[in-house]
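The listed protein sequences correspond, in order, to chains A and B.
Just so we're aligned, residue 1 is where the first sequence starts under the numbering used here, counting upward by one.
Just so we're aligned, residue 227 is where the second sequence starts under the numbering used here, counting upward by one.
Heads up, the beta-carbon is just placed ideally off N, CA and C, and yes, glycines get one too.
Remember, it's a predicted structure, so these values are computed and weren't measured experimentally.
A short write-up of the structure that comes next.
2 protein chains.
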Amino acid sequence: MTVSTDSATVGLSKAQLAHQWIRSRISDGTFSPGYRLVLGQIARELDVSAVPVREAIRLLEAEGLVTFERNIGAQVAMLDATEYVHTMQTLSLVEGYATALAAPVLNADTLERARRINAEMADCLDHFDPASFTRLNLEFHSTLFEACPNPHLLDLVHRGWSRLSALRDSIFSFVPGRAHESVAEHTALLDLIEDGGDPLQVELAARNHRLGTLDAFLARQKAPSP
Amino acid sequence: MTVSTDSATVGLSKAQLAHQWIRSRISDGTFSPGYRLVLGQIARELDVSAVPVREAIRLLEAEGLVTFERNIGAQVAMLDATEYVHTMQTLSLVEGYATALAAPVLNADTLERARRINAEMADCLDHFDPASFTRLNLEFHSTLFEACPNPHLLDLVHRGWSRLSALRDSIFSFVPGRAHESVAEHTALLDLIEDGGDPLQVELAARNHRLGTLDAFLARQKAPSP
DNA sequence: GCGACGCAGATCGTATATGATTTGATACAT
DNA sequence: ATGTATCAAATCATATACGATCTGCGTCGC
């Protein structure tokens, strides 16, 4: 979706290549939280020198995906429960607003596509396919917020999702009860947008939908499956 | 406030030094929008090699303060009216929420300090001192949002202000009428917080206060001083 | 006169080499 | 046995050198 990493790499500097490559590895779970990123090691693997790799890692640090200490090294950010809460809180905020800004410019086709994606999500619940459900969930929300006319905001939304995907194997997990609720809220949100609902109402609906997922996680933390 | 740049520079890498140095130059207006940043030139001035300077510039690019093109060079971001709108919109959002999250943990001393700062701002209006007014405005808002317990959100707020300060000489300007309104809204916001107002109410008050400044700017754009 | 070609300067991009810092292990003294 | 000093390996940090790319200008052919 965002970048195919191996297809359209023409014109990119090696530093940018390394940046995307490492980010993909973090997103797909090859480098899980806590994994140590050694400059020389990655440089050899990508067949480049250490300088561009260093630059890539510093950029990832700025994005919050890795931590870095002078003369020590870098490692994929350890995203504990607190970090998860902060990230979800921020993402709920910016995505909610982005969705509200995007709502007025969404056409019927796009909304119809969102409904189809949501229907697929419901199917995933029937067949118990959490992986597809998670993938489709991003697809659903993307369909809405990608139309946001404010590029800064959109960038923040992307970064938020990027962080979340980095920890999908460590903390985040599929909560069946919440998932059903989620699908229903998607429908409600689409209805609200289609009816040309008040922007603030759309914003809060989108925000609270995401915060609901956070709450479900927190409730699950307190009382692990008995 | 954020960094003194020349005082506590111990333990920082040269790349970090360059990063802060360039950022300060952008913030204080030495490098105004459009200014061309030449690697070798800056490297000579700071008496370091080009590599750390390059890293610093790439980080500034990621922050949105400079634009960068392969084999061409970097320049301080040209922040036109559209960019200003997007930045203000995003900042209003994140700062509003950060303020709402911070509100419950503000103590009486802090609120009292905010009131004093606001009183000083009113004085600046009487003596027509736009520069101090602008400085105090940041100080006022910092007093409130710095207590925000979500570090990601706080970082976004800082970045927003950083961007704004970068263009203070090009677009942003002091609008006397709006400034009076601003002081009044500050008081209303403090009252709301002190009364333990509903978080959403605090958020929207803080947000709309900032958006009001944006609106004043837009109105001024359409109808320049007659 | 006008457009295409090509050269020179400027600037970025990266590889290589060297220095600085940290870490961990080992040996020694108490 | 424990604590400390010392050394070697690993790793980051940066300077230097060289290569790649772009820009602007001058020249040549038409």
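Rounded C-alpha distance that separates residue i from residue j
i, j, result
"V264 (chain B)", "N297 (chain B)", "11 Å"
"V279 (chain B)", "L272 (chain B)", "9 Å"
"E338 (chain B)", "L79 (chain A)", "37 Å"
"Q267 (chain B)", "L291 (chain B)", "19 Å"
"Q201 (chain A)", "T213 (chain A)", "19 Å"
"A219 (chain A)", "E120 (chain A)", "27 Å"
"G237 (chain B)", "E194 (chain A)", "55 Å"
"N107 (chain A)", "H141 (chain A)", "15 Å"
"F217 (chain A)", "V175 (chain A)", "8 Å"
"R116 (chain A)", "D191 (chain A)", "14 Å"
"G160 (chain A)", "Q246 (chain B)", "25 Å"
"H378 (chain B)", "G299 (chain B)", "30 Å"
"L380 (chain B)", "R207 (chain A)", "19 Å"
"L167 (chain A)", "G29 (chain A)", "8 Å"
"R251 (chain B)", "F359 (chain B)", "21 Å"
"G260 (chain B)", "H209 (chain A)", "42 Å"
"L320 (chain B)", "S239 (chain B)", "According to the sequence as given, residue 320 (chain B) is Val; it is not Leu. Looking at the two C-alpha atoms, the distance is approximately 31 Å."
"Q221 (chain A)", "S165 (chain A)", "19 Å"
"G423 (chain B)", "S32 (chain A)", "42 Å"
"E429 (chain B)", "T336 (chain B)", "18 Å"
"V105 (chain A)", "A241 (chain B)", "43 Å"
"G177 (chain A)", "A348 (chain B)", "54 Å"
"V274 (chain B)", "E295 (chain B)", "22 Å"
"L437 (chain B)", "H412 (chain B)", "13 Å"
C-beta contact flag for residue i and residue j at 7 Å
i, j, result
"A50 (chain A)", "A56 (chain A)", "no"
"R36 (chain A)", "Q89 (chain A)", "no"
"A18 (chain A)", "A288 (chain B)", "no"
"A77 (chain A)", "T87 (chain A)", "no"
For residue j and residue i, believed in contact at Cβ under 8 Å, the rounded distance
i, j, result
"A179 (chain A)", "L144 (chain A)", "Between L144 (chain A) and A179 (chain A) the Cβ distance is about 18 Å, and since that is not below 8 Å, they are no contact."
"S388 (chain B)", "S253 (chain B)", "7 Å"
"L317 (chain B)", "V383 (chain B)", "7 Å"
"A184 (chain A)", "A205 (chain A)", "About 12 Å separates the two Cβ atoms, so there is no contact after all."
"A328 (chain B)", "P425 (chain B)", "In fact, because the Cβ distance is near 10 Å, the residues do not count as touching under 8 Å."
"L136 (chain A)", "C124 (chain A)", "7 Å"
Contact set between residue i and chain B, taken where Cβ atoms lie within less than 8 Å
i, result
"S13 (chain A)", "R296"
"A62 (chain A)", "L285, A288 and E289"
"V51 (chain A)", "V277"
"E146 (chain A)", "The contacting residues do not exist; E146 (chain A) stays about 16 Å from chain B at best."
"L136 (chain A)", "Per Cβ cutoff of 8 Å: no residues; L136 (chain A) is ~26 Å from chain B at best."
"L189 (chain A)", "Simply none; closest approach about 18 Å."
Chain B residues whose Cβ lies nearer than 7 Å to that of residue i
i, result
"N150 (chain A)", "H312, Q315 and T316"
"L111 (chain A)", "Those within 7 Å of L111 (chain A) in chain B number zero; the least Cβ separation is about 24 Å."
"E181 (chain A)", "Per Cβ cutoff of 7 Å: no residues; E181 (chain A) is ~22 Å from chain B at best."
Per-residue contacts from residue i into chain A (C-beta, under 8 Å)
i, result
"L379 (chain B)", "H86, Q89, T90 and L93"
"L393 (chain B)", "Under the 8 Å cutoff, chain A gives no residues; its nearest Cβ is about 14 Å from L393 (chain B)."
"L390 (chain B)", "Result: empty, since nearest Cβ-Cβ is about 12 Å, beyond 8 Å."
"Y323 (chain B)", "L93"
"L305 (chain B)", "The premise fails here: L305 (chain B) is roughly 11 Å from chain A at the closest Cβ pair, so nothing lies under 8 Å."
"L263 (chain B)", "Ordered by position in chain A, no residue passes the 8 Å Cβ test against L263 (chain B), which lies about 16 Å from the chain."
Neighbouring residues, chain A, relative to residue i (Cβ below 7 Å)
i, result
"L418 (chain B)", "Under the 7 Å cutoff, chain A gives no residues; its nearest Cβ is about 18 Å from L418 (chain B)."
"E529 (chain B)", "Shown here, chain B extends from 227 to 452; a query on residue 529 (chain B) therefore has no answer."
Heavy atom of the ligand MG within 6 Å of residue i beta-carbon
i, result
"A345 (chain B)", "Questions concerning the ligand MG fall outside what the structure shown contains, since it holds no ligand whatsoever."
Under 9 Å by beta carbon: chain B residues contacting residue i
i, result
"L106 (chain A)", "The contacting residues do not exist; L106 (chain A) stays about 19 Å from chain B at best."
Residue i: contacting residues in chain A (beta-carbon distance under 9 Å)
i, result
"L272 (chain B)", "Those do not exist, as L272 (chain B) stays about 18 Å from chain A at its closest Cβ, beyond 9 Å."
*Inter-stretch contact (C-beta, 8 Å, three-pair minimum) for the stretch 307 to 314 of chain B and the stretch 355 to 369 of chain B*: no
*Count the CB pairs spanning the stretch 90 to 109 of chain A and the stretch 135 to 151 of chain A that are closer than 8 Å, and state whether there are at least three.*
yes
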